[in-house]
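Below is one structure, written out as structure tokens; comments come after it.
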Amino acid sequence: INTVRQELEELINSNLLFTPESDFAIYQPAKNPVVKALCLHVAHDCNLRCGYCFAGTGAFGGSRSLMTESIGKKSIDFLLKASQNRRHVEIDFFGGEPLLNFAVVKELVKYGQEQAQKLDKVIKFTLTTNGVLLNDEIMEFLNENKMSAVLSLDGRPEVNDRMRPFPGGQGSYALIKDKLLNFVESRNHEDYYVRGTYTGFNPDFAQDVKHLADLGFKEISVEPVVTEPTEAYALREEQLPYLKEQYEVLTDYYWQCHQEGRPFNFFHFNVDLTQGPCLPKRLSGCGAGHEYLAVSPEGDLYPCHQFMGKEEYKIGHVSEGIKNKELCRAFQNSHVLHKEECKNCWARFYCSGGCHANNLAYGGSLVKVYKLGCELQRKRLECAIYLQVRRALFPIG
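If you use the numbering used here, the sequence shown closes out at 433, no skipped numbers anywhere.
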């Protein structure tokens, strides 16, 4: 016991166990924020009718529409200017289903590369897709342009098809499963994530992660649904013990796969415990509302895709820039140091206070946390730490 106490004291004295709060107390958000990334909503339309879609089947509560090439180019111009001296920036093609507007996506990638090169900048492009329209031409384009991909698939066929049907009610799993596998194999399983959503209908979500891994996907992220508590598929507080147990089941399966030489990555288990995130990311997370913005098909700017179509959260237009600076400042100041419920939480600098949209939906304020989300985040971090300790004690290979 004395040896353990001595080692802990040495770690504390070396600032390796805790980070002094004084490092964070001096943090002041930038007066003129650097925009690092844009989420371009190139399609407010979709070829699926997912039951949990926050976009309301793709249109975000408005009319179905596609972004024009002109608005897309103005968006890129805005990003290159608003990123100031930052060299590396990001654009995510989003929807709805962005491949419904593939012709414009192609033109915008070309335009973005040309304009960035003139300014000695680099744009990293990402595309989020349900995979329905994936074909050889599209896969070749994404690979040639080194675009990251987020591929939507919820897991087991019956789970996926319950929440991700076509407009006529038919399931989508049978059509998209092989398309997604062919795509990730065409890029040597690099630069992608298969992204699923679990709901109150499939609280045994570890089985869905297992299914995706057994299919051969190497990069997997399965996220808890966030919706109104009145929805039948919402996650409920009484399910929390079982959900935590599922993360433990997943942890054991993850370790088993690594031991057997068939490893995969689970997004929430990839945690840097040595350095951790940079200071702004520790405090503000994704940077929604100041570093990260979403653009509607008409060119309107919003804090992120979760706020799309909500007029009270419109902050400007790509032709005019950011106009509602007060709202941007509110998002900047809604960091973890200003959230009372985060002050004594051991996970706060990895969670960064949670998702702004979720906090607002459940707590009614940007600085009120989504408590169920907090519990799940702490459990995921606990599992990630356990796996890192186990790897250190029992190296594989």
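No residue lacks a Cβ here, since even glycine has one placed at the ideal position from N, Cα and C.
Just so you know, these numbers come straight off a predicted model, no measurement behind them.
Answer yes or no: the CB of L216 versus the heavy atoms of the ligand FAD, is any distance below 8 Å? No copy of the ligand FAD occurs in the structure displayed, which carries no ligand at all.
From K67 to K404, what does the alpha carbon distance come to, in whole angstroms? 24 Å
Start and end of the alpha helix (DSSP H) containing K160? Unbroken run through K160 is the beta strand (DSSP E), V158 to T165; no alpha helix (DSSP H).
Report the option in A118, V78, T164 and D190 whose CA atom is closest to the CA atom of I358. A118
Smallest Cα separation from H294: which of C322, D250, L337 and V261? D250
For D214, three-class secondary structure by DSSP: helix
Just to check my reading of the structure: A73 and E327 have Cβ atoms closer than 8 Å, yes? What is that Cβ distance to the nearest angstrom? 7 Å
Say whether the stretch 187–197 touches the stretch 142–162, bearing in mind that this needs 3 or more beta-carbon pairs closer than 8 Å, one atom from each stretch. no
Excluding five sequence neighbours on each side, which residues of the same chain lie with their C-beta closer than 7 Å to the C-beta of H304? R416 and A420
Tell me which same chain residues have a C-beta within less than 7 Å of the C-beta of H247, skipping the five on either side of it? G191 and R192
Which residues does DSSP list as the beta-bridge partners of Y234? P260
Buried or exposed (CB count within 10 angstroms, at least 16 for buried), S355: exposed
Can you confirm whether the stretch 251–264 touches the stretch 227–236 when touching is taken to mean that 3 or more C-beta pairs between the two stretches lie within less than 8 Å? yes
For my contact list, I127 and I159 are in at a C-beta cut-off of 8 Å; report their separation, rounded to the angstrom. 6 Å
Any 3 or more C-beta pairs closer than 8 Å across the stretch 170–178 and the stretch 217–224: yes
For a test of the three-state rule: what should DSSP assign to I127, helix, strand or coil? strand
In whole angstroms, give me the CA-to-CA distance for P203 and G87. 11 Å
Would you give the residue range spanned by the alpha helix (DSSP H) that D244 belongs to? A242 to L251
Ordered along the chain, which non-local residues of its own chain (more than five positions away) have a Cβ less than 8 Å from that of Q282? P239, D240, F241 and A242
Figure out for me which residue from H225, L211 and E180 has the closest Cα to the Cα of V186. H225
Could you tell me the alpha carbon to alpha carbon distance between N83 and V168, rounded to whole angstroms? 8 Å
Exposed unless 16 or more other CB atoms sit within 10 angstroms - verdict on L504: Outside the displayed span of the chain (37 to 433) sits residue 504, for which this structure offers no information.
Does the beta-carbon distance from L408 to Y398 come in below 9 Å? yes
Kindly indicate which three-state DSSP category N181 falls into: helix, strand or coil? coil
Kindly provide the ranges of any alpha helix (DSSP H) runs that are 4 or more residues long and lie completely inside the stretch 343–381, ordered along the chain. 361–369
What does the Cβ neighbour count give for G94, buried or exposed, with the cut at 16 atoms within 10 Å? With a pLDDT of only 49 at G94, under the threshold of 50, the placement of this residue in the model should not be trusted; the figure read from the coordinates follows. Burial call: buried.
Delimiting residues of the alpha helix (DSSP H) encompassing Y422: K407 to L429
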